[in-house]
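This report refers to the structure that appears directly beneath it.
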Amino acid sequence: MSRIRPEEVREIAVLARLALDDEEIARMTQDLDAILGYVAALGELDTTATLPMTHAVPFDCPLREDVVTVALPVDAALANAPQREASFFRVPRIVPSAGAPSGAMTAGTPPEEG
Amino acid sequence: MASAASSSTTSASTLPEVRGASIATLAEGVRAGRWKARDLTEAYLDRVARLDGALGTYLLVDGERARRRASAIDAARVEGRPLGPLAGVPIALKDIFITRDIETTCASKILRGFHPPYESTPSQRLADAGTVMLGKLNMDEFAMGSSNENSSRGTVKNPWSLAHVPGGSSGGSAAAVAASLCAGALGTDTGGSIRQPAALCGVVGIKPTYGRVSRHGVVAFASSLDHPGPFGRTVDDVATLLEVIAGPDPMDATSIPTPVGRYREAVRAGSQAGIAGVRVGVPAEYFGAGMDAEVESAVRAAIAEVERAGANVVPVSLPNTKYAIATYYLICTAEASSNLARYDGVRFGYRTPDAHSLEELYTRTRGEGFGWEPKRRIMLGTYVLRAGYYEAYYGKALKARRLLADDFAAAFARCDVMLTPTSPIPAFRFGEKTADPLQMYLADVMTVAANLAGIPALSQCCGFTRAGLPIGLQVMGPPLGEEAVFRVAGAYEARTDWHRRLPEDPRASGGVA
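As they're listed, the protein sequences go chains A and B.
Note that this note's numbering numbers the first sequence so that position 3 is 3, with each residue one more than the last.
Note that this note's numbering numbers the second sequence so that position 88 is 88, with each residue one more than the last.
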C-alpha cells in the first residue's frame, strides 16, 4: 500500500514551486513513498510527555543597540541580479496588463503592450 | 606573473616537503623565515595543477589572488609588521562558504556565477589569521549527500582508491587534505558531512558544539543542524584551525557567547600526560548489525589503546539511536525546504531563460536549477510541514529529537567522552548506493545524532582495511566538551601512527580511475 499518490506529489510540487515533469513525478512518488515508509517507525515512540526540541542549544535572543549601521550598497546588492533596471530587480510582469490574459512577456523583454 | 617562477626557484631548496606537512610546521617555518609564504603557495598550487585532474577536489582555484596574498605576507615579514598565527598556511574552503567576489556555488547549477558581496565569518577569521586561500572545494549539492556523487560538477575521487567515493558532503575538503592539495580546509556538518568524509579519507575533522562556530555567510541547508568545522592531517592541526574560527559572532544570533577553549593545550595534555582517569563511554547501540567487521575490529582496538593510555572504559547506552536517521531526515528536509525557498531566480544565481510569468519564473528556475537530491529534500520537507501532516511528521520528529538529546545527557552523566565508529563501513564504490535513497541515508547512522543533540564530535583515523581504505574513530563529547574530545583524540594519536600514512599521489596525467 503506497503512502503517497502521484496527485499528492503534484500538489506538493506546486507548494514547493518546483516544476517537475511526468517522469520526475513518478520517480519522486517512489522515492518519497520509500522514505515515508522508513520514517513511520517514529510512530513506535511514546512522546506524549515529551516537549518538542527545535534547537540543540537554548539561547536567549540577543539584542543590540538600535543604531544605524552600514548596509550593503544598492549596486553591490544588485550585482548578481539576473536582470536589473535602475535600482530594482527586474522580473516578468506580475499583474496582467489590461487586455492580456496573464503576464504575457518573456523575461528580459519589455512588455509589448506597453 | 614573471616573478612567480623566479621567487620559487631561488629559495625552493629551503621548502619542506609539503606532502603530508602539518599546519604547525608550515606556519612555524614562515614565521621563522625558513621559507616564504609565496613558495609554499606555489608548491601547493603546483600539486593541485598536477594532481587534481585525477581527484576533482577543487571547483575553483584562485592562484592569482593566493600568490598576491602570499607575497604580501612575505613583504610584511620583511618589514617587521606583525604576522597572523597561521601566516602563509595554504588552505581551501568547501564551496558553501561565502567568499567576497569569488564564485560560490554549493556545487549547484542554481548558484552558478554567484559572486557574493560579503565574506563568511569562518573564512574571514582564517584570513585574519594569515592563511592563504587557494580555492573552493567540491561537495554534494547544497551539502546533501554522503558520497559527493550529488555534485552538479563532477565527482571527487578518494585519494586512497580512485574507484571509491570520498564520502560527503564535504568530500572535496576531506580528499584535498588527504592528498595534500591544501594544508587544512573548512567543511560543514549537518548530519555527518565533516566526520564521515574525514573517516573515509583518513584525515581528522571535527564538528564542534552547535553555535561554537558562526554560521554567518555559510549557505544554509538545515539551520538548526548546520555546523561549520575544520579538516586537518592531525588532531593538533584541527585544534589550531578550530581555535581560529570558533567564538561568538554578532552576525549569528545562535553563536555561543562562552569564551573559546584551549584546544591545542588539550591535545598537548592528552598526548604528553595521557588520559588517566578519563571516563570513556562505549555505547552498545553503535556496534550493532550492519557494521563492517574490519571497521568493528579497528574501533575495538582503538578503544583498547585509549584504555592503555589510562582511560576508564565504561559501557553506556543510547537507547533511541535506531530512530536517529528518521528523526534527522524529517527535520533536515523541513528546514531545507524553507531555506532553499530563497533560490527563485530573482536576485542572484540561475534564472530560467523563458518564463512568461513570475510563477513560471520561480517553478522553472527551481526545476532546472536544482539537482535531484535537493528536489527530493525540498519535496519531503514541504510534505512534512504541510497542514494536516505537520504534527504527525515534523512535530513527532522534534519530540524524538528531544529523546535523542536526553539519551546523550544521561550517558554523559556517566562518562566524559564516547568512542564509536564514525561510519559503519569504509569508503564504498561509485554508484553502489545511488539507486536507493535510504541506502545512502543509512551511511550517516553513526553521525546524525550528534547533530540533533548539537554535541561536539571528531573523527580521526584508527586503521585501514585489508584493501587499504581508512577507518574512522568518532570521539563525541558533551555540549562545549571540545577540550575533553581533543584530549582523548590527542592521546590516541600520540600512541598510534595511522595519521602518518599518506595516499600515493595519483598519476599526474589524471583521469585513470
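Beta carbons are placed, not taken as given, at the ideal position from N, Cα and C, and that holds for glycine.
In this text, all values refer to a predicted model and were calculated from it rather than measured experimentally.
Residue i versus the options, residue with shortest Cα-Cα distance
| i | options | result |
| --- | --- | --- |
| B/P248 | B/S214, B/P230, B/L225, B/A269 | B/S214 |
| B/P166 | B/G202, B/L361, B/L186, B/F221 | B/G202 |
| B/Q439 | B/A273, B/A298, B/R100, B/S147 | B/S147 |
| B/V260 | B/P16, B/H216, B/T155, B/E482 | B/E482 |
| B/A410 | B/G369, B/K375, B/P470, B/P478 | B/P478 |
| B/D505 | B/R34, B/L26, B/N158, B/V78 | B/N158 |
| B/E307 | B/E296, B/A176, B/R279, B/E285 | B/R279 |
| B/D74 | B/G63, B/V89, B/D62 | B/V89 |
| B/G211 | B/L111, B/V488, B/P122 | B/P122 |
| B/E285 | B/S317, B/E119, B/R125, B/E42 | B/S317 |
| B/A453 | B/P437, B/A484, B/F408 | B/F408 |
| B/P437 | B/C461, B/M446, B/P374, B/C415 | B/P374 |
| B/R401 | A/S2, A/S87, A/F89, A/T50 | A/T50 |
| A/G37 | A/F88, A/D22, A/S2 | A/S2 |
| B/V219 | B/Y389, B/S338, B/F97, B/R300 | B/F97 |
For residue j and residue i, the rounded distance between their alpha carbons
| i | j | result |
| --- | --- | --- |
| B/G191 | B/P85 | 31 Å |
| A/S102 | B/A443 | Note on A/S102: pLDDT 47, under 50, position unreliable in the model; no value is reported. |
| B/R69 | B/A37 | 9 Å |
| B/S161 | B/F486 | 29 Å |
| B/I91 | B/A185 | 5 Å |
| B/G145 | B/D128 | 31 Å |
| B/M291 | B/A66 | 43 Å |
| B/C332 | B/D236 | 31 Å |
| B/L60 | B/H499 | 28 Å |
| B/T155 | B/G349 | 22 Å |
| B/A198 | B/E391 | 36 Å |
| B/E79 | B/L26 | 20 Å |
| A/T48 | B/S193 | 32 Å |
| B/G310 | B/G229 | 29 Å |
| B/G20 | B/S180 | 6 Å |
| A/D31 | B/R268 | 48 Å |
| B/A491 | B/A239 | 13 Å |
| B/P117 | B/I102 | 9 Å |
| B/R377 | B/Q474 | 27 Å |
| B/H356 | A/N80 | 21 Å |
| A/P62 | A/H55 | 15 Å |
| A/D75 | B/D344 | 20 Å |
| B/N519 | B/T422 | Because chain B here runs from 1 to 513, residue 519 of chain B falls outside it and cannot be looked at. |
| A/L15 | A/A77 | 28 Å |
| B/D95 | B/T188 | 10 Å |
| B/A302 | B/L502 | 20 Å |
| B/G56 | B/A387 | 43 Å |
| B/A12 | B/L137 | Note that B/A12 scores a pLDDT of 45, beneath 50, so its modelled location is shaky; the value from the coordinates is reported in the next line. Their backbone Cα atoms lie some 27 Å apart in a straight line. |
| B/E294 | B/C462 | 11 Å |
| B/S459 | B/M251 | 29 Å |
| B/A266 | B/L241 | 14 Å |
| A/A26 | B/V346 | 29 Å |
| A/R5 | A/D22 | 13 Å |
Partner residues on chain A for residue i, Cβ-Cβ distance less than 8 Å
| i | result |
| --- | --- |
| B/R233 | Neighbours of B/R233 on chain A: none; closest Cβ ~29 Å, over 8 Å. |
| B/K399 | L45, T47, T50, L51, P52, M53 |
| B/S224 | T54, H55, A56 |
Residues that residue i contacts on chain B, provided the C-beta gap is smaller than 8 Å
| i | result |
| --- | --- |
| A/P58 | Per Cβ cutoff of 8 Å: no residues; A/P58 is ~10 Å from chain B at best. |
| A/T69 | Those do not exist, as A/T69 stays about 10 Å from chain B at its closest Cβ, beyond 8 Å. |
Beta-carbon separation (whole angstroms), residue i vs residue j, contact threshold 8 Å
| i | j | result |
| --- | --- | --- |
| B/R507 | B/H164 | B/R507 to B/H164, Cβ: 17 Å. No contact. |
| B/P426 | B/I206 | That pair is no contact at about 20 Å. |
| B/Y329 | A/I12 | Not quite, the Cβ-Cβ distance comes to about 16 Å (not below 8 Å), so this is no contact. |
| B/F231 | B/S173 | 5 Å |
| B/T447 | B/R34 | Not confirmed; about 39 Å, so no contact. |
| B/N312 | B/G270 | Between B/G270 and B/N312 the Cβ distance is about 15 Å, and since that is not below 8 Å, they are no contact. |
Within chain B, the residues that residue i reaches when beta carbons sit closer than 7 Å
| i | result |
| --- | --- |
| A/D31 | R376, P437 |
| A/A86 | Going along chain B, no residue has its Cβ under 7 Å from A/A86, so there is no contact; the nearest lies around 15 Å. |
| A/V91 | V346, L358, L361 |
| A/P82 | G345, R351 |
| A/A16 | S337, I378, M379, T382 |
Where residue i meets chain A, residues with beta-carbon distance less than 7 Å
| i | result |
| --- | --- |
| B/T327 | L42 |
| B/A453 | A56 |
| B/N479 | Per the sequence shown, residue 479 of chain B should be read as Pro rather than Asn. Result: V57. |
Interface residues of chain B facing residue i [CB-CB closer than 9 Å]
| i | result |
| --- | --- |
| A/R64 | P250 |
| A/A79 | H115, P117, F348 |
Chain-ordered chain A contacts of residue i [CB-CB under 9 Å]
| i | result |
| --- | --- |
| B/T551 | Lying outside 1 to 513, the shown extent of chain B, residue 551 of chain B is not represented and no answer is given. |
| B/Y210 | H55, A56, V57 |
| B/S317 | Those do not exist, as B/S317 stays about 16 Å from chain A at its closest Cβ, beyond 9 Å. |
task: With a floor of 4 residues, list each alpha helix (DSSP H) that falls wholly inside the region 363 to 431 of chain B, ordered by position along the chain.
output: Unbroken alpha helix (DSSP H) runs of no fewer than 4 residues, entirely contained in the region 363 to 431 of chain B, are found at 372 to 384, 396 to 412, following chain order.
task: Write down every uninterrupted run of the alpha helix (DSSP H) in the region 120 to 203 of chain B whose length is 4 residues or greater and which is fully enclosed by it, in chain order.
output: Listed in chain order, they are 121 to 128, 171 to 178, 195 to 201.
- request: Ignoring anything shorter than 4 residues or poking outside the region 32 to 92 of chain A, list the alpha helix (DSSP H) runs there in chain order.
  value: With a minimum length of 4 residues, the continuous alpha helix (DSSP H) runs that stay inside the region 32 to 92 of chain A are 74 to 78.
- prompt: Which whole runs of the alpha helix (DSSP H) in the region 265 to 350 of chain B are 4 residues long or more, in chain order?
  reply: Taken in chain order, the whole alpha helix (DSSP H) runs of length 4 or more contained in the region 265 to 350 of chain B are 293 to 308, 324 to 339.
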